[in-house]
Structures are given as structure tokens and as C-alpha cells.
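These notes concern the structure reproduced below.
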Amino acid sequence: MDLKVQMEQITQERFGLLPERCDDRQLYEALLVLTRRLAQERPAPEGERKLYYFSAEFLVGKLLDNNLLALGLRDQVRELLTSWGRDLNAVEEQEPEPSLGNGGLGRLAACFLDSIAALGLRGDGVGLNYHYGLFHQKFADNKQREVPDPWMEPESWLIPTGKSYTVPFGGFDLTAKLWDAAVPGAYNDKANRLHLFDVESPAQPPENGIDFDKTDIVHHLTSFLYPDDGDDAGRLLRVYQQYFMVSAGAQLILEELEERGYGPHQLADHTVIQINDTHPSMVIPELIRLLTAKGLTMDEAIGQVSRTCAYTNHTILAEALEKWPMHFIERVAPQLAPIIRELDWRAREVCPDPAAAILDEHGLVHMAHMDIHYGYSVNGVAALHTEILKRVELKRFCDLYPQKFNNKTNGVTLRRWLEACNPDLTGLIDRCIGPDWRQDPGRLVGLLDFIDNDRVLEHLLVVKQSAKERFCRQLRDAQGIDLDPNSIFDVQIKRLHEYKRQQMNALYVIQKYLEIKAGRTPEHPVTVIFGAKAAPAYVMAKHIIHLILCLQKLIENDPAVRPWLRVAMVENYNVTWAERLIPAADISEQISLASKEASGTGNMKLMANGAVTLGTMDGANVEIAELVGPGNIYTFGAHSDRVIRLYNDKGGQRYRSLDYYHTPRVERLVDFLLSPELLETGDAKALAALWRDIKGKDWFMALLDLEEYISVKDLAVRQYGDRKAWARKMLVNIAKSGYFSSDRTIKQYNEDIWHL
Ligand code: 26V
Numbered sequence: 001m002d003l004k005v006q007m008e009q010i011t012q013e014r015f016g017l018l019p020e021r022c023d024d025r026q027l028y029e030a031l032l033v034l035t036r037r038l039a040q041e042r043p044a045p046e047g048e049r050k051l052y053y054f055s056a057e058f059l060v061g062k063l064l065d066n067n068l069l070a071l072g073l074r075d076q077v078r079e080l081l082t083s084w085g086r087d088l089n090a091v092e093e094q095e096p097e098p099s100l101g102n103g104g105l106g107r108l109a110a111c112f113l114d115s116i117a118a119l120g121l122r123g124d125g126v127g128l129n130y131h132y133g134l135f136h137q138k139f140a141d142n143k144q145r146e147v148p149d150p151w152m153e154p155e156s157w158l159i160p161t162g163k164s165y166t167v168p169f170g171g172f173d174l175t176a177k178l179w180d181a182a183v184p185g186a187y188n189d190k191a192n193r194l195h196l197f198d199v200e201s202p203a204q205p206p207e208n209g210i211d212f213d214k215t216d217i218v219h220h221l222t223s224f225l226y227p228d229d230g231d232d233a234g235r236l237l238r239v240y241q242q243y244f245m246v247s248a249g250a251q252l253i254l255e256e257l258e259e260r261g262y263g264p265h266q267l268a269d270h271t272v273i274q275i276n277d278t279h280p281s282m283v284i285p286e287l288i289r290l291l292t293a294k295g296l297t298m299d300e301a302i303g304q305v306s307r308t309c310a311y312t313n314h315t316i317l318a319e320a321l322e323k324w325p326m327h328f329i330e331r332v333a334p335q336l337a338p339i340i341r342e343l344d345w346r347a348r349e350v351c352p353d354p355a356a357a358i359l360d361e362h363g364l365v366h367m368a369h370m371d372i373h374y375g376y377s378v379n380g381v382a383a384l385h386t387e388i389l390k391r392v393e394l395k396r397f398c399d400l401y402p403q404k405f406n407n408k409t410n411g412v413t414l415r416r417w418l419e420a421c422n423p424d425l426t427g428l429i430d431r432c433i434g435p436d437w438r439q440d441p442g443r444l445v446g447l448l449d450f451i452d453n454d455r456v457l458e459h460l461l462v463v464k465q466s467a468k469e470r471f472c473r474q475l476r477d478a479q480g481i482d483l484d485p486n487s488i489f490d491v492q493i494k495r496l497h498e499y500k501r502q503q504m505n506a507l508y509v510i511q512k513y514l515e516i517k518a519g520r521t522p523e524h525p526v527t528v529i530f531g532a533k534a535a536p537a538y539v540m541a542k543h544i545i546h547l548i549l550c551l552q553k554l555i556e557n558d559p560a561v562r563p564w565l566r567v568a569m570v571e572n573y574n575v576t577w578a579e580r581l582i583p584a585a586d587i588s589e590q591i592s593l594a595s596k597e598a599s600g601t602g603n604m605k606l607m608a609n610g611a612v613t614l615g616t617m618d619g620a621n622v623e624i625a626e627l628v629g630p631g632n633i634y635t636f637g638a639h640s641d642r643v644i645r646l647y648n649d650k651g652g653q654r655y656r657s658l659d660y661y662h663t664p665r666v667e668r669l670v671d672f673l674l675s676p677e678l679l680e681t682g683d684a685k686a687l688a689a690l691w692r693d694i695k696g697k698d699w700f701m702a703l704l705d706l707e708e709y710i711s712v713k714d715l716a717v718r719q720y721g722d723r724k725a726w727a728r729k730m731l732v733n734i735a736k737s738g739y740f741s742s743d744r745t746i747k748q749y750n751e752d753i754w755h756l
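When we follow the numbering used here, the leftmost residue of the sequence shown carries the number 1, and every step to the right adds one.
Written out as C-alpha cells, the structure is:
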């Protein structure tokens, strides 16, 4: 049926109005209903094997635009709305952003679902439906405050399936209700599913911030993603969440296996489970439990599961590698405890090294060790990351199972991160090389033919300028901050973590501030833009946000500095803000301490939108540098091998921040944290704690790379002035970004791991 007629039917039925008389809210709801129906009607891709991508997070972002694109209806709908005198962008503003993820890991899962569907592969996501999300970030008194993010509305992308599963917790059962969202594939007429489990009677949002009764599992299990794990109740709640997700997910898998006409002995032939980090790792013992209940012997069950599960590691940070006390598991899911003990005994037979054990001498269950022993594939997410896993962090496992280890460099869906978020740039690319790069992103290299084409280079600058102006309007509307679109937009957007070194960027701001106060202005005005949420219990990260907001305020109030240097921190940075900001970025800050950022994916999105990377040789930055060549990226900082040595005590080489603090320039910058100017708006205790930490500890070595960072960033600011040379760098970055399409990544997962 004609799109127009369908829209008229929906708006008449729901609101008793014709579309042209509806407000944006009503039009949004009508489009949601229509798009949801069209996506839902699509059949699943065919295939003898089916993938289940298990993840605690799916940071999908708003879905209307994306789904219209995948359904091939975007242009038609836009025209239809125009014929009614309406604007699709304004309608899309009405959509709330699902708050189902935290950062890179969750956004990667969303990009992967998009690519799996676009490639016509049969694969569903499995996760949880968090009612109040991570949290909504507010700024008050130059500090982060967390409030619930109740993003769900009566009409949403989620459809009740009517299916539910009983999850047997120690002492009580809980029903897991299944909600589905369709994931339509671009370039085909199929759709996969995102399966999200939920409790039957979710709690109301807490009234004061994000504090709630963490022992009320029955009502609060799906309230928040990553509830504060500062106490045992919080840690236990996370284990409850994880078991809820994997037990219901495993039951769904076995039910579908039977529906597809296969028996439990055939699980591994027809099923792949990708375990996204260790949050879903309990799926291994849970599936073993369910298979033995269906009559398989322990040997058979372990054999099936070990040929079904594959594990992706996303971090080498020790504090993020999950280890749960066995007594937690005994309380949450006592039926898993004997299975995990059995898995531990068997693993010790293969490898007696206690450092490779699943259950250690302190009674902790090492989730990653279980994945590696009982999964058939272990992958890192960028070439350097996988090398570090193989040579250092997981060396003993790699010696044991060399054939399991493989690399899958991350990617991002260019449908969302170029086509949808940057139509002007997409139009320019299409005019240069035609539309075929969409299905074969490697073809973006064709843009290199235009490297000496002045009209294309000029157009590229115009597109960037208009994206900057658009972002300025959006930020003014949201936060009342008025930025200068003619300044350099220097952008650092990612979770707040000390290893990502937002504090080093703040020290650069201090350096510039002091220079400008001393009468030395930069060659070009610079606006340093941050977007970041800090984990609610991560004190140092919150201090860093406080420092950034104080610097923002200090400079706002200083008419001598303002024309040359600005700081802006975006409140509640999320996917929607990323889509606004990434097209507007000139410089992409990727300045983690080498070896610590597994991959990064913002680096790829920014590159594809013509930002030039300023980064360390860490994560996927290494691959970006190789692709674009030294003239098109600014790199600096200690090599990962050196950093790894600095963490070891061998030969007295251990990093000592004081050695770097006691140099004339660095000391002045760090001590500025205690300056009267900053204390005017700042919290003396917080700033002093941050000062003490950087000076005396600096665990992620910001001071090690600071001087080189400042001089390389100054070089970038100088070279920005040569507009044509800069436009060439932009063009090379866009042209080489095709490698970082998640379509490429997913093809590699399928060829090497999934075999769908
Ligand atoms: C760790 C923690 C620690 C305590 C607070 C809550 C929390 C939540 C998640 C995690 C796991 C962190 C793993 C992670 O997000 N890794 C990121 O994965 C991206 C996709 O592969 C990658 O691009 C980033 O470099 C990597 O940091």
C-alpha cells in the first residue's frame, strides 16, 4: 500500500487527524508505528546456522532515521513530509534515545547488529531492557549529577513477544519477559531481532538521583545498567542481572533450536554464541546445565558448548576483568556452582598453572578464563590489542591454545556514522565517486583521485563549516553556550577515564590559557570540546569533569582569553550528540596511554567525517596511522612497549610522576589546579585531590607524554591555517576510512569464527 495512504490511516486511527494537521510528536508516533510494522513483517535471513550476539549493552541510538534508511524509505518519507510542509529532522527530534549502553562496547554491539542484518546474515542480539538506562548526566556547580534516564515510552521500537522464561535464582524464581525490536537489513528484505529481557513488574524510577534499594531484585533487576558496585549489594545485583540475561537467553536458544528441527546434540552445528566481554560469560555453565537436563552427558554438554561459544575481549585493564566471588554465584545461581567447579577441575588437568585457573585460591571465578578454556575463539578488537593479549596479558593461554586467538579490528556502520549523520558530506562523496561505496566502502579510496581538485577541496571545507555552524546552533539551544564556528573544533568525546587522559587535554588548555594571559595568542582560535560521562562511583573521573567545567567557566568570564580559547563540555553526551558533533570536528583527540585503549571506535567515526586524528599509537589509531600515512595524522607519545616496561619494576624503570612534574613547564601547569583563579569557581577539595593524584601517582602517565602532546597539538593548530593542505588531509582520512566499516569487520567474524 502507498506510504501516504498508510500514514493517513495511522494518524486518523490514532489521533482522528490527517497527517498535515498532526504535530511533530504525532507524526513521529505515526512514523514509528509504520516503520516498526514494515520492519517487523520482514522474514529472518535464511541459514543453517544462527548467531546469537550476547551483550550487556546495545547502545542503539535513535532508530527512526536508521530504520527508514535500511527500509529504503528515507527519501520517500522526507518528500512526503515536505509535501505536508513538514521537516523529517524536526520529527526525529521527538524520538527519545534508548539508554541501553555505556560507551564503545555497547555502540559496537549496535553497529554489529546493523552490519549483520545488512549483510543478510542470520544473527540476533540478546540483552537486557534497562528502564532508567546508564543515567542522565546533569551539570550543577561545575559537577556531574546523575538522575534516572526514563527513556521508555508507551510506544517504542520494542514489541512484546508474549514469550517468557523462568529464571531459577537461589531461593526464588523470576520470570523473564521477552521484548523484541526488529533490525532491518539495508540492501535486502530481511530482518533480524534484538531480544531484550525484562522483569514482569519493573520499579518506578527512584526519586532522588539514582539511589535505590539494590536488594529488591524482583523489581529493580532491570532498572539500571551497571548499578554502582561499590558495595556487595551492588555487586550481587550485577550477578543477578547477568544470570537473568544468560539463563533466559540460553532457554530461548534451545527452544529455537528445537523449533528449527534440531536436537540438543546438534547445538554446535547450528548455533554460534558471541560473548561480548565477560558480562554474559555465565551462558557457558548455564547451557551446560540445560543440556545435561535434556539428557546429554557432562562430556557431551561441555563438548557442544565449547564448539558454540566464542569470546571477545575489549580491555586489558585489570580492574575491568570480571572476577566474581564463588559465594555470590552460590547465592544467585547455586546450580551453576558445581558446574563451574567441574570446569575448573577439567581446565587444571589441561593446564596446571594456577594463574590459568577458573577458580582461584581466593574463591574468585575468573570469567575470562572460563571463556578462553571453554570457547573456541578468543579475539581482540584491534591489531595492537590482540598482539598485547597474545604476548603479555593472555600469554599463557595463547601458548596453550594458539589456534583460538585471532584479531578482529573494530568497525562502525557508515550508514549511521556518515550517510545518516552527515548528508552534505555524503552528497559530495556521491558526486565524486558515485553511490557504490555504500556496499563496498573500500571504494572510498576513489576520493584520492580528487586530491588536487580545488573545487572538491573547497567544497569539503564548506561542508565542514556548515556542520560546525549547525552544531553551534544546537549547543546554544541546549546549553546556552555560544561558540565561534570559525575556531578550530578540537573534539574529545568518549567515556571519562584516566587512561583516556582527558586530564592531559585539560593541562593543554591551561598551557594555552597562561600563554594568552601572557600576551602570546595562538595562530588560530581553538575550541576544545568535551563529551563524557563518568561512572557514578569513579571519584577521580568526576574530579576531572569538575576541572574541565571550571576551566570552561574561567574562560567564559575572561574577555581577553575568550576570542582565542574556549572550552565546552556537552551535557549528557550520548549517541545523538555524537551524531551532531562528529560531522563538526576538525581534530579528533585519541590520546589514551599507549597499550590501554583496546581499539576506540570514535576515532573511526571522526576520521570518516574528515577530522584529523591527534593521537597516540594505541588501539586502532595504529591502523589509522598506517592507512593515512604520517602527513595526515598527528602522532605523539611513548610506545606501548615502553609503557608496559614502565609498569614493570624490572631494572628500576618504573614510572615516577614526580620526575616529570619537576620540570619548569609541567609544574606550573599542574599547580594551576590550586590557583586562586580556578578556586574561585572550583571545589578546593576536589581540585587538591586531583592535583595530588597527578603529581604523586599519575597511574596513566599523563605527565609522561604532556610536553610532546602540547607541541604536536600546537603544530596541528599552525598547520590548520593552510586551508588547502588541511582539506587534503581531510580528504585522505575520509578516503581511507572504508576499512573501518563494520561490514568489513562482520565479514571477517563470519569467515573466521561464525561460518554462518
Ligand atoms: C568495565 C567496567 C568497569 C567498571 C564500571 C563499569 C564497566 C563497564 C564495562 C567495562 C568493560 C569495558 C570494556 C569496554 O568498554 N571496552 C571498550 O570496547 C570498545 C569496543 O571494542 C573499544 O573500542 C574500546 O577501546 C574499549 O575500551
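Heads up, the beta-carbon is just placed ideally off N, CA and C, and yes, glycines get one too.
Among the candidates H543, I544 and I516, whose CA atom is the shortest distance from the CA of I825? Beyond the ends of the chain as shown, which are 1 and 756, falls residue 825; an answer cannot be given.
Contained beta strand (DSSP E) runs [length at least 3] in the stretch 110-147, N- to C-terminal order: Those beta strand (DSSP E) runs which fall completely within the stretch 110-147 and span 3+ residues are 123-128, 136-140 and 143-147.
What is the DSSP secondary structure of K464, reduced to helix, strand or coil? In the sequence shown, counting from the first residue as 1, residue 464 sits at position 464. K464 falls in the helix class under three-state DSSP.
Cα-Cα, which of A109, R580, A56 and A90 is closest to L31? Looking up residue 31 in the sequence shown gives position 31. For the residues A109, R580, A56 and A90, the minimum Cα distance to L31 belongs to A90.
Near the ligand 26V: L226 beta-carbon under 8 Å from a heavy atom: To locate residue 226, count along the sequence shown from 1; it is residue 226. At residue 226 the sequence reads Tyr, which differs from the Leu that was named. Y226: yes, Cβ under 8 Å from the ligand 26V.
How many angstroms separate the CA atom of L658 from the CA atom of K697? Residue 658 sits at position 658 when you count from the first residue of the sequence shown. Residue 697 sits at position 697 when you count from the first residue of the sequence shown. Approximately 8 Å between the Cα atoms of the pair.
F405 and V381 look like a contact to me (Cβ under 8 Å); what is the Cβ gap, rounded to whole Å? Counting from 1 along the sequence shown, the entry for residue 405 is found at position 405. Counting from 1 along the sequence shown, the entry for residue 381 is found at position 381. Not confirmed; about 13 Å, so no contact.
Got a sec? Which residues, its chain only, sit under 6 Å from Q26 by beta carbon, not counting five neighbours each side? Taking the sequence shown and counting its residues from 1, the one referred to as residue 26 is at position 26. Excluding its 5 nearest sequence neighbours in each direction, Q26 has C-beta neighbours in its own chain below 6 Å: F15, listed in chain order.
The ligand 26V heavy atoms versus the CB of T616: any closer than 8 Å? Position 616 of the sequence shown, counting from 1, holds the residue named residue 616. No - the ligand 26V has no heavy atom lying nearer than 8 Å to the Cβ of T616.
Y374 (DSSP reduced to helix, strand or coil): Taking the sequence shown and counting its residues from 1, the one referred to as residue 374 is at position 374. When DSSP states are grouped into helix, strand and coil, Y374 belongs to the helix group.
Taking the beta carbon of S595 as the centre, do at least 16 other beta carbons fall within 10 Å, making it buried, or is it exposed? Here the question's residue 595 lines up with position 595 in the sequence shown. By the 10 Å Cβ count, S595 comes out buried.
Our contact map puts N574 next to E207 with C-beta atoms below 8 Å; I'd like the distance itself, whole angstroms only. As a working mapping, residue 574 is identified with position 574 in the sequence shown. As a working mapping, residue 207 is identified with position 207 in the sequence shown. Their Cβ separation, rounded to whole angstroms, is 23 Å, which puts N574 and E207 out of contact at 8 Å.
With the ligand 26V as the reference, list in chain order each residue whose Cβ lies under 6 Å from any of its heavy atoms. Taken from the N-terminal end onward, the list reads N102, G103, G104, L105, L108, Y226, D277, H314, T315, A320, V381, N410, A535, E597, A598, S599, G600, T601 and G619.
Verify whether the separation of the beta carbon atoms of Y52 and V126 is less than 9 Å. On the sequence shown, residue 52 is found 52 positions in, with the first residue counted as 1. On the sequence shown, residue 126 is found 126 positions in, with the first residue counted as 1. Y52 is a Cβ neighbour of V126, given a cutoff of 9 Å.
Residue from A608, Q748, A506 and A186 with nearest C-alpha to I694: Walking along the sequence shown from the start, residue 694 turns up at place 694. Nearest C-alpha to I694: A506.
Are the Cβ atoms of L447 and I429 separated by less than 9 Å? The residue given as residue 447 occupies position 447 in the sequence shown. The residue given as residue 429 occupies position 429 in the sequence shown. Yes. Within cutoff.
Does I451 pass the burial test, meaning 16 or more other C-beta atoms within 10 Å, or should it be called exposed? The residue you call residue 451 lines up with position 451 of the sequence shown. Note on I451: under 16 other CB atoms within 10 angstroms of its CB, so exposed under the neighbour-count rule.
Whole-angstrom distance between R645 and L394, CA atom to CA atom: As a position in the sequence shown, residue 394 is number 394, starting the count at 1. As a position in the sequence shown, residue 645 is number 645, starting the count at 1. Each residue's Cα considered, the two are about 17 Å apart.
Starting from T426 and walking both ways along the alpha helix (DSSP H), at which residues does that stretch end? Here residue 426 refers to the residue found at position 426 when the sequence shown is read from its first residue. In the DSSP assignment, T426 falls within the alpha helix (DSSP H) that extends over P423 to I433.
If we count the other Cβ atoms within 10 Å of its Cβ and call it buried at 16 or more, is L715 buried or exposed? The residue labelled residue 715 in the question sits at position 715 within the sequence shown. The C-beta of L715 has fewer than 16 other C-beta atoms within 10 Å across all chains shown, which makes the residue exposed.
My output table needs one value for W757: the three-state DSSP class, helix, strand or coil. Nothing about residue 757 can be reported from this structure: the residues present for the chain run from 1 to 756 only.
From N410 to E20, what distance separates their C-alpha atoms? Here residue 410 refers to the residue found at position 410 of the sequence shown. Here residue 20 refers to the residue found at position 20 of the sequence shown. Approximately 43 Å, taken between the alpha carbons.
Would you mind listing the alpha helix (DSSP H) stretches within the stretch 276-342 that are 4+ residues and don't spill past its ends, in chain order? As far as the stretch 276-342 is concerned, its whole alpha helix (DSSP H) runs of at least 4 residues are 283-293, 298-306 and 326-332.
What number of angstroms, rounded off, separates the C-alpha of R86 from the C-alpha of P154? In the sequence shown, counting from the first residue as 1, residue 86 sits at position 86. In the sequence shown, counting from the first residue as 1, residue 154 sits at position 154. If you draw a straight line from the Cα of R86 to the Cα of P154, it is about 24 Å long.
Going by the DSSP bridge assignment, what does Y28 pair with across the sheet? The count along the sequence shown starts at 1 and reaches residue 28 at position 28. Y28 is not bridged by DSSP to any residue.
Hey, C111 and V539 are a contact pair by Cβ (cut 8 Å); roughly how many whole angstroms apart? Mapped onto the sequence shown, residue 111 falls at position 111. Mapped onto the sequence shown, residue 539 falls at position 539. Rounded, the Cβ-Cβ distance is 32 Å, inconsistent with contact.
May I have the straight-line CA-CA distance separating A310 from D371, to the nearest angstrom? Indexing the sequence shown from 1 puts residue 310 at position 310. Indexing the sequence shown from 1 puts residue 371 at position 371. One Cα belongs to A310, the other to D371, and the distance between them is close to 8 Å.
From L254 to F212, what distance separates their C-alpha atoms? By 1-based counting over the sequence shown, the position of residue 254 is 254. By 1-based counting over the sequence shown, the position of residue 212 is 212. Our two residues, L254 and F212, have alpha carbons roughly 35 Å apart in a direct line.
In the structure shown, what three-state DSSP assignment does V381 receive? Counted from its first residue, the sequence shown places residue 381 at position 381. Note: V381 maps to coil in three-state DSSP.
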